[in-house]
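First up is the structure itself, then whatever we jot down about it.
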Ligand SMILES: *Cc1c(COP(=O)(O)O)cnc(C)c1O
């Protein structure tokens, strides 16, 4: 079976882990700060704060923007549930707006529609879904006009670019995940990026019990620290990331070429000024029954995935919180049609050829 995700773990990861174990410095240590700096530099941001996972990073990224109970935060309903849950962690209220059906990302026209009628929208939490940047030109223009805080959920988009600038450097803060299936990983892990020195200081307190100095705790904080072991893995992984992204892009191009004339497949759209890093290669299937196609793929050795099969406001958690009447037409259409095929860096050329052959061989 060709899996939908498969982390690559090299010799260097093992060597650095061994070094950390031998040093006895297992929690915060030199690799944590080295990793924070390297990842921030890689992402065109000034400051990086390593944390336990992407979800905690989102929570801290929102708190660093001053999100507090009762605040309204605009976000997309077409994402992993951690995105909107991080708004709930702050006691704030998610406002779901629809996506652009071409990119699957939040639609800036829909954001403005809400900003015009809702008072006191404090922030917009965008998601660069599948590894494709949101329309940052339009969103930054809205930020200037309406003065909201901007948070980038970049958990799927390490190294993605909009107009030669990397995601994670546009917003007031950004969150990344290094979960095992992401484009690079530390097992579990995350990082928060910002260009603001004050926010960076505040974020460092938030992930470390609100500690201000050795024995002084000035705010309510958490224990969201990354371990030195995980950071060592991250350092080795980051060195490989660009070559892995190249591989994903090459695989995606092969698929695009092979599937562009298939009438039941719509290939991913990539705007000219974006570098899509293909965390997922996601097609739309509309004229066939998706579940049958998924079973056919599995029967022929190809594991695929549906991200996501439910809009967030329809999850029981959100239903109970009064989101029963929300309708985002394009997101609701997308959940019924999206399908992700393996595109990761561990695929051999044979694997890619086999996936192409299997997809092309589908008889409706
Ligand atoms: C993976 C992911 C998260 C959560 O990251 P974890 O490290 O699993 O906590 C949040 N948002 C999106 C869009 C993700 O893909």
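Numbering (the working numbering), first residue to last: 12 to 375. We treat Cβ as the ideally placed atom computed from N, Cα and C, and that holds for glycine.
C-alpha gap between residue i and residue j, whole angstroms
i	j	result
residue 58	residue 48	7 Å
residue 109	residue 126	14 Å
residue 200	residue 60	11 Å
residue 256	residue 207	28 Å
residue 288	residue 123	27 Å
residue 304	residue 373	8 Å
residue 313	residue 355	13 Å
residue 73	residue 101	8 Å
residue 111	residue 283	16 Å
residue 152	residue 143	19 Å
residue 364	residue 191	25 Å
residue 228	residue 241	26 Å
residue 250	residue 188	17 Å
residue 239	residue 33	12 Å
residue 196	residue 299	35 Å
residue 12	residue 132	47 Å
residue 343	residue 309	25 Å
residue 150	residue 119	6 Å
residue 218	residue 90	24 Å
residue 325	residue 24	41 Å
residue 348	residue 274	14 Å
residue 368	residue 269	9 Å
residue 19	residue 128	48 Å
residue 136	residue 285	20 Å
residue 224	residue 39	15 Å
residue 366	residue 258	16 Å
residue 82	residue 205	21 Å
residue 336	residue 86	16 Å
residue 279	residue 264	10 Å
residue 253	residue 160	30 Å
residue 179	residue 134	16 Å
residue 272	residue 36	56 Å
residue 362	residue 260	15 Å
residue 231	residue 353	42 Å
residue 243	residue 338	44 Å
residue 351	residue 16	11 Å
residue 98	residue 267	36 Å
residue 45	residue 246	8 Å
residue 297	residue 276	8 Å
Bridge-paired residues (DSSP) for residue i
i	result
residue 295	277 and 349
residue 135	85 and 161
residue 106	85
residue 192	Per DSSP, none; premise fails for residue 192.
residue 316	351
residue 62	201
residue 185	163 and 204
residue 227	224
residue 150	In DSSP, residue 150 forms no bridge with anything.
residue 176	173
residue 14	DSSP lists no partner for residue 14.
residue 284	BP columns for residue 284 are empty, so no partner.
residue 116	In the DSSP output, where bridge partners are listed per residue, residue 116 has none listed.
Continuous beta strand (DSSP E) stretch holding residue i: start and end
i	result
residue 25	It is not in any beta strand (DSSP E) - residue 25 instead sits in the alpha helix (DSSP H) that spans 22–34.
First and last residue of the uninterrupted alpha helix (DSSP H) at residue i
i	result
residue 303	301–310
residue 50	41–53
residue 331	327–331
residue 94	92–100
residue 125	119–128
residue 245	239–270
residue 366	360–371
Near ligand 2: residue i beta-carbon under 7 Å from a heavy atom
i	result
residue 91	No copy of ligand 2 appears in this structure; the ligands present are ligand 1.
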